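All remarks here apply to the structure that follows.
Protein chains: 4
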Amino acid sequence: MVARNATAAVIGAGDFIGAAIAKKFAVEGFTVFAGRRNGDKLVPLVAEIKAAGGEVSARSLDARKEEDITAFLQEADRQAPLEVCIFNVGANVNFPILETTDRVFRKVWEMACWAGFVAGRESARLMVPRGKGNIFFTGATASLRGGSGYAAFASAKFGLRAVAQSIARELGPKNIHVAHLIIDSGVDTAWVRERREKLWGKEALDNPDLLMPPASVAASYWQLYQQPRSAWTFELEIRPFGEKW
Amino acid sequence: MVARNATAAVIGAGDFIGAAIAKKFAVEGFTVFAGRRNGDKLVPLVAEIKAAGGEVSARSLDARKEEDITAFLQEADRQAPLEVCIFNVGANVNFPILETTDRVFRKVWEMACWAGFVAGRESARLMVPRGKGNIFFTGATASLRGGSGYAAFASAKFGLRAVAQSIARELGPKNIHVAHLIIDSGVDTAWVRERREKLWGKEALDNPDLLMPPASVAASYWQLYQQPRSAWTFELEIRPFGEKW
Amino acid sequence: MVARNATAAVIGAGDFIGAAIAKKFAVEGFTVFAGRRNGDKLVPLVAEIKAAGGEVSARSLDARKEEDITAFLQEADRQAPLEVCIFNVGANVNFPILETTDRVFRKVWEMACWAGFVAGRESARLMVPRGKGNIFFTGATASLRGGSGYAAFASAKFGLRAVAQSIARELGPKNIHVAHLIIDSGVDTAWVRERREKLWGKEALDNPDLLMPPASVAASYWQLYQQPRSAWTFELEIRPFGEKW
Amino acid sequence: MVARNATAAVIGAGDFIGAAIAKKFAVEGFTVFAGRRNGDKLVPLVAEIKAAGGEVSARSLDARKEEDITAFLQEADRQAPLEVCIFNVGANVNFPILETTDRVFRKVWEMACWAGFVAGRESARLMVPRGKGNIFFTGATASLRGGSGYAAFASAKFGLRAVAQSIARELGPKNIHVAHLIIDSGVDTAWVRERREKLWGKEALDNPDLLMPPASVAASYWQLYQQPRSAWTFELEIRPFGEKW
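Residue numbers (the working numbering), protein chains in the order written: chain A, 295 to 539; chain B, 295 to 539; chain C, 295 to 539; chain D, 295 to 539.
Here is the structure:
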């Protein structure tokens with residue numbers, strides 16, 4: 295592992311996708327800054343990264359607070375110049391429209407869209423003066439499709455996609471790569487496994503070709519990072535080979 | 295004019311598109327319920343509709359308050375069964391990302407997306423038990439494209455489109471027509487004329503083929519209303535014949 | 295019925311959609327020119343339109359022959375100025391890729407895409423000098439989605455959509471309304487009923503909310519025709535209210 | 295360079311993109327099979343690859359002849375198992391619709407769409423029994439947008455995209471990665487430089503950020519090849535960082 299003088303910040307460093315991204319960028323020599331609601335839960339991730347010789351800091355971070363995101367990114371940038379910011383906060387819920395409360399609609403939006411806007415803007419504030427950087431956002435099938443029962447979640451994900459597109463168009467010419475990764479399948483997490491089992495029974499877990507391993511999402515982000523600026527992708531869709539789409 | 299026992303509610307009954315919609319549905323025999331931030335500004339519209347023999351009520355309505363929307367629609371429904379709800383609140387702004395404040399981002403979203411969610415849900419609450427109704431949303435070019443400087447506006451419009459899609463899929467089979475009208479051009483309003491003149495000079499106003507008359511937007515909504523349920527459109531895009539797209 | 299001095303040409307006047315379009319435009323006073331592979335099959339349609347007091351001519355027309363389309367449209371235009379051309383030739387097939395022959399791929403394309411290009415161009419040739427007209431194309435779900443087994447059909451329908459878009463952008467400013475109607479469901483035809491029964495059993499026919507009546511397609515074309523040029527739709531999607539999408 | 299027992303076939307191995315792809319896969323250890331209309335023009339490419347220690351065969355190939363494509367791929371497969379087929383035949387033309395002849399429309403389609411269908415099918419015939427492979431198609435802005443004057447070109451490119459999508463959905467579960475690369479900018483070729491100079495003057499060439507180097511296209515294909523099957527991309531869009539989109 296060759297250390298770089300560069301930080302990769304992961305906002306929404308959950309146990310699955312977020313953790314995999316953190317590990318990947320750490321193993322590639324980045325100083326990783328990982329934030330999630332309850333920073334205590336990052337202890338095993340930190341241990342794992344450090345055991346492998348990586349650099350990592352963990353922080354509690356309420357993505358619904360502007361000052362938390364700002365402070366998190368500024369601290370990351372003081373460690374080493376912020377080169378990559380990955381926004382990975384999720385908030386998947388499904389309710390019939392008549393049962394979708396203001397509270398749910400607003401909270402999902404604040405977590406999955408508003409926080410992404412703030413993360414994008416505050417990363418840009420640090421990267422623009424330096425004339426380089428990477429700002430990546432995690433999207434989902436619901437970024438492109440408002441399915442029945444997904445008014446809250448899809449609305450937030452559509453909104454996040456617009457934020458990403460808008461700043462990609464503004465900051466691309468300033469040498470900042472903004473990308474939006476659409477994960478068009480379930481990711482292999484405890485929550486998804488549980489939900490699939492409930493909906494379709496135990497046999498729905500039998501087919502490993504239909505659940506995306508978190509490490510593959512991390513690999514996709516790494517591909518985006520490696521692209522030369524003469525051939526940047528804004529939107530990258532990924533799905534397992536067995537997925538129906 | 296043949297009076298119907300039916301109400302058409304217009305949320306966001308501004309001087310141009312909203313007013314044209316109100317006039318069209320009034321002339322077709324609907325009892326119109328028109329709401330906007332400052333209800334006093336609806337005086338001329340009410341006078342015009344009444345002079346033509348139409349039925350109309352005007353209300354002050356803060357679309358950012360859940361209770362205002364709920365009360366407005368319930369009152370409309372007491373007048374005569376709510377058959378059409380048209381959500382037409384706009385909030386077009388353009389700022390570089392670094393100058394887009396939390397305040398702007400949140401306010402634009404509350405007006406252009408969140409209020410649409412509440413309007414859709416509260417209309418559904420009245421229409422579902424009756425097994426029929428129409429819920430229409432006004433979209434824009436920014437509903438499909440996040441241009442540079444449009445992080446706030448496009449994010450809200452993308453989000454509104456997701457709300458519309460999601461409830462269209464849920465409520466269509468319940469005989470409620472949910473549609474999203476994409477106006478892919480400038481509308482002929484005082485504000486748009488002023489902005490075009492500022493950007494491109496007086497000659498930018500010379501070509502009437504490029505500014506959509508509010509009455510044509512109203513006519514498009516009327517077409518959506520008239521569709522048989524065996525051939526409903528969810529998304530209708532319109533632009534003047536001279537528009538480059 | 296008020297007769298107009300105007301012709302509506304229907305290329306692909308099959309027993310269902312095409313016939314319904316012909317009847318609608320006839321009843322609205324157009325001189326209808328109806329063409330299909332075997333013109334003899336148009337006898338009942340002609341009888342029905344004439345019985346209702348309409349004007350109609352029927353022709354055999356091989357849509358895969360440039361000279362046939364050209365001659366058909368020129369003859370139509372001699373009857374009365376060609377004001378509407380509707381291209382409605384279908385060619386729905388499904389084969390695994392390894393069983394899709396050159397012959398099938400080419401024939402489907404010639405019928406569903408190439409013929410549409412020629413029909414569009416030859417209509418334009420007659421309409422452009424007059425500074426007005428309408429050119430409409432029938433699309434399908436496969437115009438937007440290349441499903442498994444649809445390499446031939448979707449490829450032709452995607453291609454037809456591109457033709458429509460390209461000439462819409464070129465001819466719109468010349469006052470010619472070019473539109474593409476996406477029928478996002480099965481249409482209620484003998485062939486579709488048979489296929490559904492085979493795939494899913496007789497009960498698949500029980501739900502009339504999922505099969506679009508040909509008359510509703512015709513009504514949609516009539517809506518497109520009626521749009522003022524200040525608010526033209528290029529792409530109109532329709533589906534029955536009960537359709538899952 | 296570690297030699298692999300695997301062939302990468304490039305159909306449409308022109309001087310720019312095609313040559314860059316051939317060089318990339320050769321340097322990664324593939325036996326490269328390169329075909330273009332006039333195989334003599336491949337002499338410098340072959341020399342360059344061999345000088346670098348790579349394996350390459352060059353063939354004359356008329357992509358509009360089914361038997362040529364079939365023979366080319368079969369021969370490639372006899373050399374070493376066909377693992378990658380990249381279809382890269384272009385045919386960019388722009389004509390007003392009234393000047394778009396049957397000859398042009400048909401030829402562009404045969405080159406840019408029909409030949410892609412045959413290449414995809416014949417690759418699949420070799421890959422399916424082996425249970426693995428990669429089939430990649432080169433797309434363009436015109437794959438998604440039918441601009442004015444592009445009826446022929448966009449129609450072919452839309453059609454090719456449908457072919458790619460359709461076989462991706464069919465063959466993905468059979469472990470064959472089918473992808474469609476959308477190059478959303480001009481590529482730095484002699485032809486594009488000449489055209490830009492003609493349209494906008496010499497200064498249009500000054501900005502290197504707007505012309506994509508062929509090697510970057512090749513790098514994108516290499517990224518697609520490297521993706522694990524648990525996270526395949528079907529459609530990859532690339533553009534230079536300075537591009538307006």
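Note that the Cβ used here is the ideal one computed from N, Cα and C, for glycine as well.
None of these values were measured; they are calculated from a predicted model.
Using 8 Å for Cβ pairs, my map puts residue i next to residue j. What's the rounded Cβ distance?
i	j	result
Ile461 of chain C	Ala445 of chain D	6 Å
Ala328 of chain D	Ala352 of chain D	5 Å
Arg330 of chain C	Gly308 of chain C	6 Å
Arg415 of chain C	Leu465 of chain D	At roughly 36 Å, the Cβ-Cβ gap does not stay under 8 Å, so Arg415 of chain C and Leu465 of chain D are not in contact.
Gly441 of chain C	Lys468 of chain C	Going by Cβ atoms, the distance from Gly441 of chain C to Lys468 of chain C rounds to 36 Å, so no, they are not a contact pair.
Gly410 of chain D	Val337 of chain D	Gly410 of chain D to Val337 of chain D, Cβ: 26 Å. No contact.
Ser510 of chain B	Ser524 of chain C	4 Å
Arg487 of chain D	Leu499 of chain D	6 Å
Gln358 of chain A	Trp539 of chain D	The sequence given here has Arg at residue 358 of chain A, not Gln. With 8 Å as the limit, Arg358 of chain A and Trp539 of chain D do not qualify as a contact, their Cβ atoms being about 32 Å apart.
Apart from the five residues on each side of it in sequence, which residues of its chain come closer than 6 Å, Cβ to Cβ, to residue i?
i	result
Ile470 of chain C	Met421, Gly427
Ala512 of chain C	Ala314, Ile315, Lys318
Thr432 of chain B	Asn382, Leu475
Gln373 of chain A	Thr301, Thr325
Gly306 of chain C	Gly312, Asn382, Val383
Val412 of chain D	Glu360, Ile363
Trp403 of chain C	Ala450
Ile380 of chain C	Val304, Ile315, Phe430
If I measure Cβ to Cβ from residue i and keep anything under 8 Å in the same chain, skipping five residues before and after, which residues do I get?
i	result
Gln521 of chain C	His471, Thr527
Met506 of chain D	Ile477, Ser479, Gly480, Val481, Asp482, Ile532, Arg533, Pro534
Asp334 of chain C	Ser354
Val350 of chain A	Ala316, Ala320, Thr325, Val326, Phe327, Ala328, Leu339, Val340, Ile343, Lys344
Gly536 of chain A	Asn501, Asp503, Leu504
Classify residue i as helix, strand or coil using the three-state DSSP reduction.
i	result
Ser479 of chain A	coil
Glu529 of chain C	strand
Gly329 of chain C	strand
Glu322 of chain A	coil
Ala439 of chain B	Going by the sequence as given, residue 439 of chain B is Arg instead of Ala. Here Arg439 of chain B sits in coil by DSSP.
Glu537 of chain D	coil
Ala352 of chain C	strand
Val296 of chain D	coil
Ala370 of chain B	helix
Ala365 of chain C	helix
Ala345 of chain D	helix
Ala357 of chain A	coil
Ala565 of chain C	This structure leaves residue 565 of chain C out entirely; chain C is present only between 295 and 539.
Gln520 of chain A	helix
Phe447 of chain B	helix
Asp334 of chain A	helix
Ala307 of chain A	coil
Which residues in the same chain as residue i place their Cβ atom closer than 7 Å to its Cβ, once the five residues preceding and following it in sequence are excluded?
i	result
Ser514 of chain B	Leu475, Leu530, Ile532
Gly443 of chain D	Asn388, Phe389, Pro390
Asp356 of chain A	Arg331, Asp362
Glu377 of chain C	Ala300, Thr301, Ala302, Gly427, Asn428
Ala370 of chain B	Thr301, Ala303, Phe327, Leu376
Are the region 405-422 of chain D and the region 424-444 of chain C in contact at 8 Å, needing three or more beta carbon pairs?
With the cut-off at 8 Å, the region 405-422 of chain D and the region 424-444 of chain C do not touch.
Residue ranges of each beta strand (DSSP E) within the region 375-434 of chain D, 3 or longer:
List check, beta strand (DSSP E) in window: 376-381, 427-434.
Tell me whether the region 396-408 of chain A and the region 373-389 of chain B touch, counting them as touching only if at least three CB pairs, one residue from each stretch, are closer than 8 Å.
Touching, no.
Every unbroken alpha helix (DSSP H) within the region 452-518 of chain D, with a cutoff of 4 residues, ordered by chain
The alpha helix (DSSP H) runs of length 4 or more contained entirely in the region 452-518 of chain D are, from start to end of the chain, 484-494.
Stretch pair the region 493-503 of chain B + the region 451-459 of chain B: three plus CB contacts closer than 8 Å:
Cβ pair count under 8 Å is below three, so no.
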